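Scroll down for the structure; my scribbles are underneath it.
Chains as they are written, first to last, in the working numbering: chain B, 44 to 308; chain U, 30 to 346.
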């Protein structure tokens, strides 16, 4: 198992993947913090959260844990990026034909897939750390530029950061597993990303509007709540349990598909 | 002792039957050629043996282990299936290292196979800068990583320059001498004839031939091409030999082709001498694998047409 993880880590250690993923994470962190500081600091009414984006109130942002508000606000953006990179790495094995080599070298497909999940999880943890560090650097700058008092940010720093890091990691892992499943089913990175982004931007909004009863159970809402450490409508425990359930279901589907389908590419 | 054994192996892709009741047994050790036109089922057979796809029905064993449990034998099998596929942005060494790690092999094994295929010195370059021939060498290196008992290579000399082809031929022969079994799937029948000891011919998913190459070549019609010392004697020689019971026909280059085995050369020479004609040359001519292949598989697709053209070219030269 460790061999499979180490092998996958080496294969995914590509400049394009690493710089692209890390770069987009830093870009989104800067963007969300700058916009958020202007929005919460202005006297204008808070804009409606766009697809996958939710802004905190001024009080929430100025609270001790407000320093990590940018992470939870941009969680869906990070999530779509994570879904994309998990899908690119997984579907890329099929489009390049590399899967023939790896499946011949490691015939235990469960081990092979879990090795990929392990390696991508480690990359996701690294990306989460990058997002946290970028947020720690950018959020105070954004607050200063909007002339906001964020003196409370110095309190309970470690528990706040650890909690935000864990919540964002858990959220991104669920997004990543969704990307993995889509890539294994469609064997196409483009189709997987289109389906994932389309779901976040359109499908979930339609489902929520049409079926109010399940609005709090949908993946997007659940993952937003998980990233925020719980919301009024979805408590943290529920979000965590649903996130774990989505992950297990996703891994179950991925393992079944990967084990049973022929490798004909 | 067989290296591969199949019984009634069948694989269908929807309406298409890629392999149909394929039953064969391949001997351990030596170089085995797997030939057949495009779509004959070669790649499907290789993929089934490597556990990449499952058969629709039938059974097979590789190194005496059932294909339903590829984990029991794939650590002893190296394979290059179709075009070599690697991560283009990574170096040759990193690509091999990732496969070595997957197999639980030490880094020193990577150095060994890089040396074997002649890529030492180029191993730190990204694979995307490699030529087709270099990628092919890297693919062979990847197949050699587990120091396999059984090596399955699909078109191993594809893209290699003549010296590279000679090197790979030598490598295959060395592996066979060391007791390994090498299965080579190729369209280059002349190549197969040179390298292989044993041959499997498949057409439309059916087994056409499985046996030693020498046995197959022995089936071909043999003849001796002769030339009279003086060209003016050629027609007399034809009449004379025909009267003696030989089957003779003129060739396009003014000589005569006689249906005879090499050991009948002396008798043929005596027939000519008895008629007062001195022979300038006697050349035994053996049918090529390409000709036999065409006879066995017909000419139903482009591959066969190409093979026929190649055979005609060889004949003319």
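Ideal placement from N, C-alpha and C gives every residue a C-beta, glycine not left out. It should be emphasised that the depicted structure is a prediction, and the values quoted were computed from it without experimental measurement.
Cα-Cα separation between residue i and residue j, rounded to whole angstroms
{"i": "residue 305 (chain B)", "j": "residue 83 (chain U)", "result": "7 Å"}
{"i": "residue 191 (chain U)", "j": "residue 145 (chain U)", "result": "17 Å"}
{"i": "residue 161 (chain U)", "j": "residue 188 (chain U)", "result": "5 Å"}
{"i": "residue 260 (chain B)", "j": "residue 285 (chain B)", "result": "8 Å"}
{"i": "residue 228 (chain U)", "j": "residue 163 (chain B)", "result": "45 Å"}
{"i": "residue 179 (chain U)", "j": "residue 210 (chain U)", "result": "5 Å"}
{"i": "residue 158 (chain B)", "j": "residue 81 (chain U)", "result": "18 Å"}
{"i": "residue 115 (chain U)", "j": "residue 156 (chain U)", "result": "7 Å"}
{"i": "residue 269 (chain U)", "j": "residue 323 (chain U)", "result": "34 Å"}
{"i": "residue 246 (chain B)", "j": "residue 124 (chain B)", "result": "18 Å"}
{"i": "residue 137 (chain B)", "j": "residue 58 (chain U)", "result": "33 Å"}
{"i": "residue 364 (chain U)", "j": "residue 305 (chain U)", "result": "The structure shown does not extend to residue 364 (chain U), since chain U spans only 30 to 346, so no value can be given for it."}
{"i": "residue 226 (chain B)", "j": "residue 121 (chain B)", "result": "18 Å"}
{"i": "residue 337 (chain U)", "j": "residue 320 (chain U)", "result": "The predicted model places residue 337 (chain U) with a pLDDT of 47, which falls under 50 and marks its position as unreliable, so this point remains unresolved."}
{"i": "residue 175 (chain B)", "j": "residue 111 (chain B)", "result": "8 Å"}
{"i": "residue 258 (chain B)", "j": "residue 239 (chain B)", "result": "18 Å"}
{"i": "residue 299 (chain B)", "j": "residue 31 (chain U)", "result": "34 Å"}
{"i": "residue 254 (chain B)", "j": "residue 248 (chain B)", "result": "10 Å"}
{"i": "residue 165 (chain U)", "j": "residue 240 (chain U)", "result": "28 Å"}
{"i": "residue 232 (chain U)", "j": "residue 145 (chain B)", "result": "29 Å"}
{"i": "residue 272 (chain B)", "j": "residue 282 (chain B)", "result": "8 Å"}
{"i": "residue 208 (chain U)", "j": "residue 198 (chain U)", "result": "16 Å"}
{"i": "residue 223 (chain U)", "j": "residue 241 (chain B)", "result": "57 Å"}
{"i": "residue 56 (chain U)", "j": "residue 143 (chain U)", "result": "29 Å"}
{"i": "residue 316 (chain U)", "j": "residue 148 (chain U)", "result": "38 Å"}
{"i": "residue 105 (chain B)", "j": "residue 192 (chain B)", "result": "7 Å"}
{"i": "residue 149 (chain B)", "j": "residue 280 (chain B)", "result": "38 Å"}
{"i": "residue 62 (chain U)", "j": "residue 218 (chain B)", "result": "48 Å"}
Three-state secondary structure assigned by DSSP to residue i
{"i": "residue 285 (chain U)", "result": "strand"}
{"i": "residue 240 (chain U)", "result": "strand"}
{"i": "residue 59 (chain B)", "result": "helix"}
{"i": "residue 232 (chain B)", "result": "helix"}
{"i": "residue 251 (chain U)", "result": "coil"}
{"i": "residue 97 (chain B)", "result": "coil"}
{"i": "residue 337 (chain U)", "result": "Per-residue confidence for residue 337 (chain U) stands at a pLDDT of 47, beneath the threshold of 50, marking its modelled position as unreliable; the derived number appears in the next sentence. Of the three classes helix, strand and coil, the one that applies to residue 337 (chain U) here is helix, per DSSP."}
{"i": "residue 310 (chain U)", "result": "strand"}
{"i": "residue 70 (chain U)", "result": "coil"}
{"i": "residue 145 (chain U)", "result": "helix"}
{"i": "residue 188 (chain B)", "result": "helix"}
{"i": "residue 301 (chain B)", "result": "helix"}
{"i": "residue 226 (chain U)", "result": "coil"}
{"i": "residue 197 (chain U)", "result": "helix"}
{"i": "residue 262 (chain U)", "result": "helix"}
{"i": "residue 233 (chain U)", "result": "coil"}
Chain B residues whose Cβ lies nearer than 9 Å to that of residue i
{"i": "residue 22 (chain U)", "result": "Outside the shown range of chain U (30 to 346) lies residue 22 (chain U), about which nothing can therefore be said."}
Chain-ordered neighbours of residue i on chain A, where CB pairs are closer than 8 Å
{"i": "residue 99 (chain U)", "result": "The structure shown contains no chain A; the protein chains it does contain are B and U."}
Contact list for residue i against chain B, beta-carbon separation under 8 Å
{"i": "residue 82 (chain U)", "result": "305, 306 and 307"}
Contact list for residue i against chain B, beta-carbon separation under 7 Å
{"i": "residue 131 (chain U)", "result": "46, 47, 50, 145, 148 and 149"}
{"i": "residue 103 (chain U)", "result": "147 and 150"}
{"i": "residue 79 (chain U)", "result": "147"}
{"i": "residue 171 (chain U)", "result": "144"}
Own chain, CB closer than 8 Å to residue i, minus 5 neighbours either side, in chain order
{"i": "residue 51 (chain B)", "result": "158, 159, 161, 162 and 163"}
{"i": "residue 104 (chain U)", "result": "132 and 175"}
{"i": "residue 138 (chain U)", "result": "129, 174 and 176"}
{"i": "residue 303 (chain B)", "result": "none"}
Sequence-distant residues of the same chain with beta carbon closer than 7 Å to residue i, five excluded per side
{"i": "residue 168 (chain B)", "result": "212"}
{"i": "residue 143 (chain B)", "result": "306"}
{"i": "residue 103 (chain B)", "result": "109 and 112"}
Close-in-space but distant-in-sequence residues of the same chain around residue i (CB under 6 Å, 5 per side omitted)
{"i": "residue 311 (chain U)", "result": "253, 255 and 294"}
{"i": "residue 88 (chain U)", "result": "36"}
{"i": "residue 278 (chain U)", "result": "286"}
*Report the residues of the region 112 to 127 of chain U with a CB closer than 9 Å to any CB of chain B, ordered along the chain.*
Of all residues in the region 112 to 127 of chain U, 112, 113, 114, 115, 116, 117, 118, 119, 123, 124, 126 and 127 have a Cβ within less than 9 Å of some Cβ in chain B.
*When you check each C-beta in the region 48 to 66 of chain B against every C-beta of chain U, which residues fall closer than 7 Å?*
Correct list: 49, 50, 53, 54, 57, 58 and 59.
_For the region 281 to 308 of chain B, list every residue whose C-beta sits within 8 Å of some C-beta in chain U, in sequence order._
From the region 281 to 308 of chain B, only 305, 306 and 307 have a Cβ closer than 8 Å to chain U.
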